[in-house]
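Residue numbers (UniProt numbering), protein chains in the order written: chain V, 1 to 271; chain D, 1 to 560. For reference, the structure discussed in these notes is given below.
Okay, structure coming up:
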């Protein structure tokens with residue numbers, strides 16, 4: 001077990017635990033506004049202080065984690081559910097019309113800056129967590145499709161795949177039985193990285209007001225609302241900012257650590 | 001081997017110098033002197049204290065099977081051992097210091113200048129995005145202060161010296177524009193650019209075709225003879241070094257078991273291991289007598305296969321490459337047919353076409369009276385099975401042996417389940433000399449030879465009438481190869497199996513086939529009984545192949 005993996009797993013687990021805990025317990029009522037207590041620095045009553053409405057920041061962070069994780073997780077799920085089969089199909093029919101269509105389709109989506117298009121999509125469909133998921137999810141599809149296709153192509157020329165073809169197995173069955181298990185490591189690693197990017201994208205969309213709508217707490221909007229008060233109470237902006245940084249850092253470390261642990265080639269080198 | 005009294009254990013590169021350094025007076029008869037060289041990797045010993053000398057202008061061949069430590073010895077001399085390796089003992093060049101005690105910076109100045117190394121895989125040993133001129137002149141410029149222009153002139157001289165004259169192979173060529181043999185020549189030019197006193201060649205011809213191999217071996221011999229370099233040649237192939245090396249050292253499990261002048265070694269073979277290796281190298285499988293030909297099982301008629309290459313310019317027609325230009329062959333029931341040819345001749349394309357993995361552009365292939373195509377019926381497919389070359393790549397690493405072997409059962413309309421399936425797997429494993437208990441293990445628990453047995457078990461489980469062996473023993477050590485050839489011969493006896501044995505190795509083909517086809521550039525150029533074709537070839541290409549194949553001397557026939 002590498003230190004990278006342990007650090008990443010701990011950070012990620014902390015965020016997940018906070019999000020889960022918020023379903024049963026939060027330090028305060030997230031919607032309770034006590035204007036008298038507004039912009040308090042961290043203290044015994046409010047461990048991370050209060051915002052401009054006097055809401056408990058720790059509570060908002062915990063519930064905000066729920067939104068971030070849900071949006072990013074479902075978006076990654078969309079990417080895997082649609083991208084992986086597309087990539088497998090393209091690799092199974094290498095250089096065919098299907099492969100060309102899928103690959104050029106990937107290129108087309110990649111050609112647009114993802115966040116700008118996500119903003120466009122949410123602006124057209126209307127703001128909200130669901131549309132944010134959709135917008136981020138669409139950009140995850142080509143990421144997984146391209147990764148899957150590249151890794152699968154390398155496997156298709158291997159002799160054990162030829163052996164399976166000699167055994168009369170069809171391309172779909174070979175993809176499911178032989179290709180997918182052998183690229184699962186890659187997908188898991190890419191999944192954690194896309195997850196962290198999803199959290200960033202969700203924060204970005206909420207920041208411009210196109211993500212989860214009030215009163216649902218969200219890290220991006222906490223940042224946006226705190227912006228005007230940075231000079232008065234910097235902790236209101238710094239705390240959600242740090243939450244985003246540590247979550248993304250944790251997921252990236254987890255991805256790196258998983259890659260090192262799961263990749264048998266790297267394992268041999270470390271023998 | 002006895003270890004010399006000069007030997008001294010020093011921990012790693014930063015260790016002490018041998019205490020007797022001063023006694024070791026400059027000895028003009030020894031260039032490289034290894035004394036009690038020990039190498040451990042992660043505290044696991046791989047070389048157990050070997051000693052040897054190489055005289056100036058001498059060729060020492062270090063031979064042995066994979067894992068014997070021969071490559072580690074070469075890497076130790078170059079100071080290129082893996083990070084977790086630790087070498088002790090002494091290695092000196094001329095009257096220099098112990099290489100094992102030198103810091104990396106010192107070693108860098110010695111590499112290339114005092115010792116050059118030629119690697120096995122010419123494609124990966126060259127940088128694909130640099131011209132050959134740059135790569136050769138770089139070696140010169142790293143070690144000497146000559147200006148770029150002069151380094152280039154010397155690079156051109158070196159490339160000419162290794163048979164790449166600048167008028168035909170300008171310095172601006174890239175590695176991908178050269179053939180495998182030409183790339184290996186560039187690798188040699190880099191190694192000799194500064195005229196090092198010691199040249200180390202690690203399996204320099206293993207990745208090359210026989211005709212190219214013969215040319216590269218000639219080049220190495222002439223370099224030693226004309227430039228006075230010493231050569232440490234690492235190879236698994238006794239035949240390659242038999243008429244080239246001055247002395248041969250046989251390694252087994254990290255020890256040199258026998259070392260002698262080449263002729264003497266082949267004459268005396270003091271150590272049983274040397275004898276085993278030698279006998280395995282020219283092993284002849286005990287094939288049951290050839291049966292009279294009856295019905296043809298497999299017929300290839302006028303097979304043509306063309307591949308579309310990438311467009312050279314946009315909007316033009318894609319150029320095509322014809323891998324098969326009208327191939328005919330017939331395999332009869334119980335017949336043992338061989339197919340020889342060099343890389344790129346179309347052997348693999350033919351294999352895939354026969355297995356119905358790729359469509360043909362012309363001609364037909366019929367098996368058991370049925371047309372072979374990518375969508376042929378399962379029953380036809382079940383009669384045609386294959387064993388591939390690479391014992392490591394032919395299995396899904398995530399499945400257990402049971403599932404790997406049972407995979408072809410999928411072709412049966414009513415595949416056996418549960419108990420019956422386990423019995424079929426157990427029977428196939430037993431047929432190839434493994435235990436039924438092996439079914440529950442993962443593939444990485446098996447050695448190369450055992451994996452090749454598992455590959456044969458997978459091919460056998462459907463009791464096919466025809467098996468294609470695609471270079472099936474090429475990746476194996478000689479002793480394992482002999483065992484697998486015996487196993488294949490047994491299959492002919494027990495199952496009346498017919499096979500098409502594809503190989504570049506004439507010795508193997510001679511041992512395991514009755515009839516042989518010679519393939520060149522997508523065509524069959526000669527065919528006939530194996531012994532006749534290999535002993536008295538008529539086609540010019542076959543003659544060239546036979547002449548280039550390295551041959552072991554016959555015991556007792558070596559002049560003293």
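Idealized CB from N, CA, C, for every residue including glycine.
Item to complete: With 7 Å as the C-beta to C-beta threshold (strictly closer), list the residues of the region 162-189 of chain V near chain D in chain order.
Response: 162, 163, 164, 165, 166, 167, 168, 169, 178, 181 and 182
Worksheet entry | Bounding residues of the alpha helix (DSSP H) (the contiguous stretch that carries residue 430(D)) | 418-431
Item to complete: Starting from residue 495(D), follow the alpha helix (DSSP H) in both directions and report where the run begins and ends.
Response: 478-495
Worksheet entry | Under 7 Å from the C-beta of residue 159(V): neighbouring residues of chain D | 388, 390, 393 and 394
Practice prompt. Figure out for me which residue from 89(D), 40(D) and 96(D) has the closest Cα to the Cα of residue 82(D).
Written response: 40(D)
Item to complete: For the region 316-341 of chain D, list the beta strand (DSSP E) runs that are entirely contained and at least 3 residues long, ordered along the chain.
Response: 320-332 and 336-340
Item to complete: Find the residues of chain V that neighbour residue 584(D), judging by a C-beta separation of less than 7 Å, and give them in chain order.
Response: There is simply no residue 584(D) to check, as chain D begins at 1 and stops at 560 in what is shown.
Worksheet item: So which residues of chain V does residue 385(D) contact, with C-beta pairs closer than 7 Å?
Response: 166
Worksheet item: CB residue 137(V) to CB residue 79(V), shorter than 8 Å?
Response: yes
Item to complete: Give the secondary structure of residue 229(V) by DSSP, where H, G and I count as helix, E and B as strand, and everything else as coil.
Response: helix
Practice prompt. Check whether the Cβ atoms of residue 62(D) and residue 76(D) sit closer than 8 Å, and answer yes or no.
Written response: no
Fill in: Inter-residue Cα distance where the pair is residue 21(D) and residue 95(D)
Interpretation of residue 21(D) is limited by its pLDDT of 39, a score under 50 that renders its predicted location unreliable; no figure is taken from the coordinates.
Worksheet item: Which residues does DSSP pair with residue 41(D) in a beta bridge?
Response: 44(D) and 85(D)
Fill in: Buried versus exposed, by CB contacts within 10 Å (16 or more), residue 261(D)
exposed
Worksheet entry | Alpha carbon of residue 179(D) to alpha carbon of residue 158(D), nearest angstrom | 18 Å
Fill in: Identity of the residue in 520(D), 449(D), 501(D) and 54(D) nearest residue 198(D) by Cα
54(D)
Worksheet item: Apart from the five residues on each side of it in sequence, which residues of its chain come closer than 8 Å, Cβ to Cβ, to residue 270(D)?
Response: 258 and 260
Practice prompt. Please name the residue or residues paired with residue 442(D) in a DSSP beta bridge.
Written response: 400(D)
Worksheet item: Which bits of chain V does residue 407(D) rub up against, with CB to CB less than 8 Å?
Response: 163, 164, 167 and 169
Practice prompt. Give me whichever residues DSSP pairs with residue 50(D) in a beta bridge.
Written response: 37(D)
Fill in: chain V contact residues for residue 381(D), given Cβ-Cβ distances below 9 Å
166, 167 and 168
Discussion item. For residue 39(V) and residue 24(V), what's the separation of their Cα atoms in angstroms?
Written reply: 26 Å
Worksheet item: Among the residues of its own chain, which have a CB less than 7 Å from the CB of residue 282(V), if the five just before and after it don't count?
Response: Examination of residue 282(V) is not possible in this model, given that chain V is present from 1 through 271 alone.
Discussion item. Pull the bridge partners of residue 470(D) from the DSSP assignment, please.
Written reply: 502(D)
Discussion item. Does residue 98(D) come out as helix, strand or coil in the three-state DSSP assignment?
Written reply: strand
Item to complete: Count the other CB atoms, across all protein chains shown, that sit within 10 Å of the CB of residue 273(D); report buried if there are 16 or more and exposed otherwise.
Response: buried
Fill in: Residues near residue 74(D) in its chain [Cβ-Cβ closer than 6 Å; skip 5 each side]
200, 202 and 234
Item to complete: List the residues of chain V that residue 445(D) touches, going by C-beta distances under 8 Å, in chain order.
Response: Correct list: empty, because the minimum Cβ distance to chain V is about 14 Å.
Discussion item. Taking the beta carbon of residue 515(D) as the centre, do at least 16 other beta carbons fall within 10 Å, making it buried, or is it exposed?
Written reply: buried
Practice prompt. Would you mind telling me which residues of chain V sit closer than 9 Å to residue 355(D), beta carbon to beta carbon, in chain order?
Written response: 162, 165 and 166
Practice prompt. Answer yes or no: do residue 345(D) and residue 184(D) have a C-beta to C-beta separation smaller than 8 Å?
Written response: no
Worksheet entry | Stretch pair the region 17-32 of chain V + the region 161-177 of chain V: three plus CB contacts closer than 8 Å | no
Practice prompt. On the DSSP bridge assignment, give the partners of residue 118(D) in chain order.
Written response: 201(D)
Fill in: Cβ-based burial, residue 483(D) [other Cβ within 10 Å; buried from 16]
buried
Worksheet item: Helix, strand or coil: how does DSSP classify residue 56(V) here?
Response: strand
Worksheet item: Which one or two residues does DSSP pair with residue 299(D) in a beta bridge?
Response: 330(D) and 366(D)
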